[in-house]
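As structure tokens, the structure follows; a few thoughts come after it.
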Amino acid sequence: ELQCIGATTFDEHRKYIEKDSALERRFQTITVNAPSVSEAIEILAGLQKKYEEHHNATFTPKAIQAAVKLSERYISGRFLPDKAIDVLDEAGSRGRISAMTRPPDLKDLEDKIAESKREKEAAISAQEYERAASMRDKERILKKEMEEILASWRNEKEKNPVVIDEDEIIHVISAWTGIPLTRLESKEAERLLKMESDLSNAVVGQKEAVLNVSRAIKRSRANLQNPNRPLGSFLFLGPTGVGKTYLAKKLAEFMFGNRDALITIDMSEFAEKFAVSRLTGSPPGYVGHEEGGQLTEKVRRKPYSIVLFDEIEKAHPDIMDIFLQILEDGKLTDSLGRAVDFRNTILIMTSNIGSHKIMQNKTMGFGDTKTNFSYDEMKATIQKETKKYFKPEFLNRIDDIIIFKSLEKDDLLKIVDLELAELIGRLNTRNIDVEITLEVKEILIEKGYDPALGARPLKRAIQQNLEDPLAEALLKSGPIDPDNKRHLVISAENKVIQFNGV
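If you want the working numbering, it's the position in the sequence shown, counting the first as 1, plus 93.
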């Protein structure tokens with residue numbers, strides 16, 4: 094009698110067995126589904142002793158549960174119990190390696206043995222045989238002592254195996270996925286509580302936007318958000334140049350320490366219908382099919398990141414259908430059939446919808462308060478235009494629609510201070526102290542602010558009216574002595590910027 098049991102995946106079965114009907118009907122197909130979380134915990138409990146013997150470690154019950162639950166939550170593209178077993182195995186390896194620190198006495202003994210060997214060989218070369226015999230005996234005694242210390246150390250390790258707890262499992266998952274899963278320490282908790290003030294200092298005049306974004310981050314770090322959706326999804330609306338994109342950059346900087354964690358997708362590149370597929374990858378038969386999508390590949394490599402869809406209104410309307418799956422289920426299937434996990438991302442979409450309507454109605458900015466377009470009127474206009482452009486099913490899936498305010502004069506003064514702080518920092522590195530008067534800042538605001546363009550022209554105004562003439566003055570003054578500190582005062586007289594002390 095011949096008994097045969099085969100195991101294969103659905104893809105392999107379809108590729109090799111289903112095409113041969115004679116072969117297929119000789120096998121009874123039995124579908125084996127992935128176990129549930131509770132079943133996987135039981136499987137790992139059964140394997141626990143084997144892995145404890147292999148790694149000379151002890152796994153706590155919480156470590157077993159964490160390996161299953163965290164791998165199910167954060168590791169995509171693989172199934173239980175396989176991925177949980179691998180996590181447990183690596184955690185045991187990490188614990189064993191960390192416990193392999195040799196006793197410090199061994200290093201001293203090894204050095205003494207090496208020295209005895211050198212002296213013995215030198216004595217033999219000099220034909221001093223009595224001294225060579227003495228060095229040989231000394232070497233034997235040292236080796237015996239080293240063997241005793243090693244045996245004692247090994248016995249101690251066997252008697253006291255390493256304990257692998259939940260924290261070790263968390264470290265392994267973090268290393269695999271790049272997701273910071275470490276428990277909230279007191280310092281990090283304090284930092285998150287100060288999140289609004291830190292972001293408000295960088296993003297001027299947008300307290301409501303900063304508050305809503307901060308709340309979403311706190312929910313995610315406290316594990317209170319829906320686990321099957323992105324950590325947060327926001328639609329930033331408002332006039333141009335008021336800090337929509339800048340807030341996304343500062344948020345990435347706050348959370349990850351640098352702006353590289355921000356995945357930026359310029360939606361003006363997807364204005365044509367055929368370009369929409371580039372987000373998830375070209376269809377089979379088209380050029381670049383094997384390369385993956387611009388969005389899906391970046392998120393697969395950096396699953397814990399902020400994804401910025403800049404100027405979303407410039408993209409083809411069909412692109413909104415892609416967002417529905419991401420916002421509802423937290424995943425998106427690419428052209429190769431792989432499910433890309435978006436549950437650990439923050440999605441930010443920016444748009445200037447309604448801005449042209451505002452500019453047609455009233456002049457924004459500072460001036461006569463009676464003619465200014467109020468925030469409530471601006472909000473109503475933008476909301477009306479947003480509902481016209483975006484489908485209801487798209488708007489309903491977004492966590493929050495945030496409308497940015499137009500900048501006032503006090504806001505612009507803070508922005509100028511932030512921009513000038515960078516210039517002052519660069520000059521300080523060249524041993525130049527700088528003092529800039531309020532009149533200079535007011536001149537820069539007057540020349541650099543345009544109601545239609547927001548705060549963006551301020552940087553250009555600083556460049557043209559401050560940096561360019563200052564660079565020329567520094568070049569004329571000759572080489573700068575690094576040991577001799579200079580004091581530079583930038584003031585204004587009759588609306589003309591002057592440099593004193595160059």
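Yeah, the Cβ is synthetic: ideal placement off N, Cα and C, and Gly gets one too.
Inside the region 292-327, DSSP marks no whole beta strand (DSSP E) run of 3 or more residues. Rounded to whole angstroms, the gap between the alpha carbons of Met228 and Leu243 is 22 Å. Under the DSSP assignment, Leu425 falls in the beta strand (DSSP E) whose first and last residues are Lys424 to Thr426. Judged by DSSP secondary structure, Leu440 falls within the beta strand (DSSP E) whose first and last residues are Thr438 to Ser444.
The shortest C-alpha to C-alpha distance from Ile590 to any of Val433, Leu559 and Phe329 is the one to Leu559. Contact between Ile257 and Gly185 holds: CB atoms are separated by about 6 Å, below the 8 Å threshold. In the structure shown, Arg523 falls within a coil segment according to DSSP collapsed to helix, strand and coil.
Counting of Cβ neighbours within 10 angstroms places Asn437 among the buried residues, the total reaching 16 or more.
For Leu355, the pairing in a beta bridge is given by DSSP as Ile399. Cβ-Cβ separation between Arg308 and Leu285: approximately 11 Å, too far for a contact (criterion under 8 Å). Note: Gln591 is bridge-paired with Ser584 in the DSSP secondary-structure output. Counted as a single uninterrupted DSSP element, the beta strand (DSSP E) harbouring Phe152 occupies residues Ala150 to Phe152. With contacts defined by Cβ atoms closer than 7 Å, Gln158 and Ile134 form a contacting pair. Between the region 321-331 and the region 422-439, the count of Cβ pairs shorter than 8 Å is three or higher; the stretches touch.
Taking the Cα positions, Glu406 is about 29 Å away from Glu512. A Cβ-Cβ contact shorter than 7 Å links Ala548 with Leu500. For Lys236, the closest C-alpha among the options Arg247, Ala207 and Glu383 is that of Ala207.
The Cβ-Cβ distance between His148 and Arg189 falls below 7 Å. For the pair Glu111 and Lys391, the Cα-to-Cα distance works out to about 35 Å.
Annotation: the continuous alpha helix (DSSP H) that includes Ala566 extends over Asp561 to Lys569. Taking a 10 Å sphere around the C-beta of Pro410, we find fewer than 16 other C-beta atoms and assign the residue as exposed. Per DSSP, the unbroken alpha helix (DSSP H) holding Ile190 starts and ends at Asp175 to Ser191. Comparing alpha-carbon positions, the option among Glu362, Ala150, Lys200 and Gln141 lying closest to Ala192 turns out to be Ala150. For Glu111, the secondary structure class from DSSP, reduced to helix, strand or coil, is coil. In summary, Gly430 is exposed, with fewer than 16 beta-carbon neighbours lying within 10 Å of its beta-carbon over all protein chains present.
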